[in-house]
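Encoded as structure tokens, the structure appears first; notes follow it.
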Amino acid sequence: MASLSPDLQCQYTYKPCFNPRSTKKNGSLHSFCEYHRKKANAIQKAHATKKRLRESGLAEDHREVAAPSIFIASQPARPRLSTPSFDGDDVRFLHEWLVQHDTLEEVDTNYVGTTDEIELTPDDYAILRDLF
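My numbering applies: residue 781 is where the sequence shown begins, and numbers increase by one.
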């Protein structure tokens with residue numbers, strides 16, 4: 781199997797990712813592969829929710845922000861083989877990316893998925909709450 785040109789590989793910077801970059805609906809390439817896009821979109825949605833709450837005055841202290849209930853699993857625990865996990869490098873990269881792209885316009889509006897695909901656990905929200 782031939783390796784991809786570096787221009788066609790995922791641009792994730794903290795770890796080598798040799799997956800192909802995903803394609804937008806208009807045919808141009810996203811920066812990341814499908815896996816890293818899902819992870820970035822999940823973090824961006826959590827960040828945007830927190831930012832909206834903070835700006836609306838509903839969250840005086842970031843530790844008081846509750847995780848939106850739509851993302852918390854209401855079903856019994858089941859294996860999540862396709863759900864992305866976040867390690868320290870992923871979170872650091874996404875934090876830096878969010879700081880550089882602090883706008884809701886950066887959210888991938890071409891991504892059409894279900895909340896099951898980007899569902900975060902209460903532990904994920906606790907980590908995000910501590911980081912942001």
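Glycine is no exception: its CB is placed at the ideal position from the N, C-alpha and C atoms. The structure presented is a predicted model; accordingly, all values stated were derived computationally and were not measured.
Reference residue i; option with closest CA among the options
i, options, result
"A779", "D910, L878, P796, H816", "Nothing about residue 779 can be reported from this structure: the residues present for the chain run from 781 to 912 only."
"L784", "Q791, P800, T793", "P800"
"T901", "I823, Y815, L809, G868", "I823"
"F812", "K830, D870, G837", "D870"
Separation of residue j from residue i, as counted between CA atoms
i, j, result
"K825", "Y905", "11 Å"
"E876", "A820", "11 Å"
"R767", "K795", "Past the edges of the chain, shown from 781 to 912, lies residue 767, and the structure says nothing about it."
"K818", "C790", "13 Å"
"E844", "L911", "Bear in mind that the predicted position of E844 carries a pLDDT of just 49, short of 50, making it unreliable; the figure below should be weighed with that in mind. Near 14 Å, if we compare the C-alpha coordinates of L911 and E844."
"N806", "E835", "33 Å"
"S802", "F873", "19 Å"
"D787", "C797", "12 Å"
In DSSP terms, what residue i is bridged to
i, result
"T803", "L809"
"Q789", "P800"
Residue span of the alpha helix (DSSP H) that contains residue i, given as start and end
i, result
"T911", "The residue asked about is misnamed: residue 911 is Leu in this sequence, not Thr. That run of the alpha helix (DSSP H) goes 902-911."
"G868", "868-880"
"K795", "Neither: K795 is in no alpha helix (DSSP H) and is coded neither H nor E."
"L833", "814-836"
Short CB-CB distance (under 8 Å) between residue i and chain D
i, result
"A826", "The structure shown contains no chain D, having only a single protein chain."
Distance CB(residue i)-CB(residue j) smaller than 8 Å
i, j, result
"H810", "Y792", "no"
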